[in-house]
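Input: a single structure, listed below in structure tokens.
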Amino acid sequence: MVHRVRIDRHDIAVWREQNGTPHAWPNQCPHRGMRLSFGVVRGDRLTCAYHGWTFDGGGRCVVMPADPDVKPPASTVGTYDCKEHAGLLWLSAGQHSPQPPVIQGEWQPCRSIAIHASSGRVVAGLAATSEMVPLQSIPGVFTVDTLEGCGPSLLCAIQPVAAGETMLHVAIEGRDARPDTRRRGSDWAKHLRWHVENETADAAEPARR
Amino acid sequence: MSLDGFTRSHWYAIGRCEDVPKGGRRETRLLGKDIVATRPADAAVVRLREGGALPVQERYGHVWTTLAEAPRPLFDMPEFGEPGRRLVTAGAITVRCSGLRAIENFLDMAHFPFVHTDVLGTESHAGVAPYQVELRQKSDEIWATSCRMFQPRAAAAATDGQMTEYMYRVAQPFSAILYKTCPIRPAGVWDLIGLFVQPREPDLCDIHSFVLVFDNENTDVALLHFQQMIFIQDRRILENQVPALLPLDARAEAASRADLSSMVYRRWLMANGLRYGAADAADSRPGGRTA
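Just so you know, the sequences run in chain order A and B. Using this note's numbering, read the first sequence as starting at 535 and increasing by one per residue. Using this note's numbering, read the second sequence as starting at 433 and increasing by one per residue.
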């Protein structure tokens, strides 16, 4: 399974090797431009859906099925830094690549949710509804004390997708979050989405009611 | 985008003859212009919506027009005059891509095992044998010959896998014909499958396709369904290539030996100054302009 991820104008194919190693590549086969997010993963390789060009984890083409006796080009697909940390996948898209994130504590993935609003509105909605603390080292990442002090904190990472589209990724504190705690985290995210989509607005973008 | 002379100089199919019945009207778009086709009497009439009659001819089951005042002649397909052949046309199908990408995909055999799996190709026979490609100077057409591919189910009339032989002909930048071993006739008799692409915008086209075959078994509907099955599989590819426009610069995309047709096609378009539906260098890089 290959995921398509968009971050601003970057279109990215994200996949895992069978052993779990994650990779993030430009979503464009170097051969004929097919989106690699349509490809398939076999073991530790990604195969493009168009001509079956197959790439190893380093982004090197290792098989060109139409030309089995021709040496594949030495160039690679080009890769983004991609790292799993605190229950979430992190990748750096672009020049201003920061240090990989360091977030203290144990975190479990809880929910990723698509919000029809700019990332600025999502931050505003978070600030209006929650006790949130920005992580100084990473823009767009916050810890939130949602459960009124009587439960674990949430980790919120904001991914700007496109104009008026944002993904919010939520992880939950602790090594073994109980199902009902995860459920509350998920409900919290749904409530935040409702709030952002209905109760906040950009200057140029009236709230959808 | 201004219209380059090479693109302007050709004829384009804009619908089947029966799509413009007597007293009927078909509104469509060609190379960024709104056009209207009608049939007040026996002959089809095509004009620009903004005014001005355009040349018309009806051939190969389709209505053709051109924006050129002195167009190149429409290419010849003598097989349309042969008795016993059946013509099945699919009608216009709109695809969100450059028409050039559609033609290039049509010329490509290497995708059969992956896109038309177990129909036109199979992964255990994915190798594309070397084939010849030539630019025929007299007609200014590209021909790829000696193309061979193992096909589990080459046509609606095929029952078993067979080694299918092909010839490809790029008769115009936006029109291509495939000549394919006829499964029920002796060697040397070809079935024809063709694409007439109508570019609406640089990154949007209507594709008109036909089959002209010897086939005693299948109904027209069965032949159409086979074509549509293949086409739907291709459309998923065509609408997900980045950029949607075709890069002509040989350095823009990686290629291998099986891509010889594609490389000659791109070179030929570039040498003729074609720009409509072609990518700028900046479009092709990851993170460059995307759809």
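For each residue, glycine too, the CB sits at the ideal point set by N, CA and C.
Would you identify the three-state DSSP class for residue i, choosing helix, strand or coil?
i, result
"L670(B)", "helix"
"G720(B)", "Unreliable positioning characterises G720(B) in this predicted model, as indicated by a pLDDT of 45, which lies under 50. A coordinate reading is not provided."
"E459(B)", "strand"
"T651(B)", "coil"
"Y598(B)", "strand"
"I672(A)", "coil"
"V539(A)", "strand"
"R712(A)", "coil"
"Y697(B)", "helix"
"D691(B)", "helix"
"H585(A)", "coil"
"G719(A)", "helix"
"M702(B)", "helix"
"P545(B)", "helix"
"L702(A)", "strand"
"K724(A)", "helix"
"A620(A)", "coil"
"T663(A)", "helix"
"G531(B)", "helix"
"H565(A)", "coil"
"E733(A)", "helix"
"T470(B)", "strand"
"V657(A)", "helix"
"R743(A)", "At R743(A), the pLDDT of 46 sits below 50, so the modelled position is not reliable and the matter cannot be decided from this model."
"L677(B)", "coil"
Give the residues of chain A in contact with residue i, contact being defined as C-beta atoms less than 8 Å apart.
i, result
"S441(B)", "Within chain A, no residue comes near S441(B); the closest Cβ sits about 27 Å away, beyond 8 Å."
Under 8 Å between the Cβ atoms of residue i and residue j?
i, j, result
"F546(B)", "G586(A)", "yes"
"M695(B)", "I609(B)", "no"
"V695(A)", "I541(A)", "yes"
"L701(B)", "P605(B)", "yes"
"Y444(B)", "F642(B)", "no"
"G621(A)", "T734(A)", "no"
"I706(A)", "W641(A)", "yes"
"H557(A)", "S646(A)", "no"
"T581(A)", "G593(A)", "no"
"R517(B)", "E511(B)", "yes"
"L627(B)", "I639(B)", "yes"
"R457(B)", "I467(B)", "no"
"A473(B)", "V495(B)", "no"
"R655(A)", "V730(A)", "yes"
"K612(B)", "T591(B)", "no"
"Y708(B)", "P631(B)", "yes"
"V629(B)", "G531(B)", "yes"
Mind checking if residue i is an interface residue toward chain B, Cβ cutoff 8 Å exclusive?
i, result
"P694(A)", "no"
"Q562(A)", "yes"
"H537(A)", "no"
"R743(A)", "In this prediction, R743(A) scores a pLDDT of 46, lower than 50, which makes its location untrustworthy; no coordinate-derived value is stated."
Cβ of residue i less than 8 Å from any chain A Cβ?
i, result
"R699(B)", "no"
"R580(B)", "no"
"E597(B)", "no"
"G719(B)", "Caution is warranted here: a pLDDT of 48 is assigned to G719(B), below 50, making its placement in the model unreliable, and the coordinate value is therefore given only provisionally. So, interface residue."
"T722(B)", "Residue placement at T722(B) is flagged as unreliable, the pLDDT there being 38, under the threshold of 50; the coordinate-derived value follows with that caveat. Judged by the 8 Å Cβ criterion, T722(B) is in contact with chain A."
Report the neighbours of residue i on chain B: residues whose CB is nearer than 7 Å to its CB, in chain order.
i, result
"G708(A)", "Residues of chain B passing the Cβ test: none, with the nearest at roughly 38 Å."
"H585(A)", "A542, H543 and F546"
Consider the Cβ of residue i: report whether some Cβ of chain E lies at a distance smaller than 8 Å.
i, result
"E555(B)", "Among the protein chains in the structure shown, which are A and B, there is no chain E."
Taking C-beta pairs closer than 7 Å, name the residues in chain A that residue i reaches, listed in chain order.
i, result
"A690(B)", "A600 and D601"
"E685(B)", "P564, H565, R566 and G567"
Which residues, in chain order, does the segment 590-624 of chain A contribute to contact with chain B at a C-beta distance below 9 Å?
Only C595, M598, P599, A600, D601, P602, D603, V604, P606, P607, S609, V611 and G612 from the segment 590-624 of chain A bring a Cβ to less than 9 Å from some Cβ of chain B.
Contact residues within the segment 653-678 of chain B, judged by C-beta distance below 7 Å to chain A:
From the segment 653-678 of chain B, only I669, N672, Q673, V674 and P675 have a Cβ closer than 7 Å to chain A.
Where the segment 567-583 of chain A meets chain B: residues whose CB sits under 7 Å from a CB there
Listed by position along the chain: G567, M568, R569, F572 and A583.
Of all the residues that make up the segment 559-575 of chain B, which are near chain A by a beta-carbon distance shorter than 9 Å?
Going along the segment 559-575 of chain B in chain order, one finds G559 and V560 with a Cβ nearer than 9 Å to chain A.
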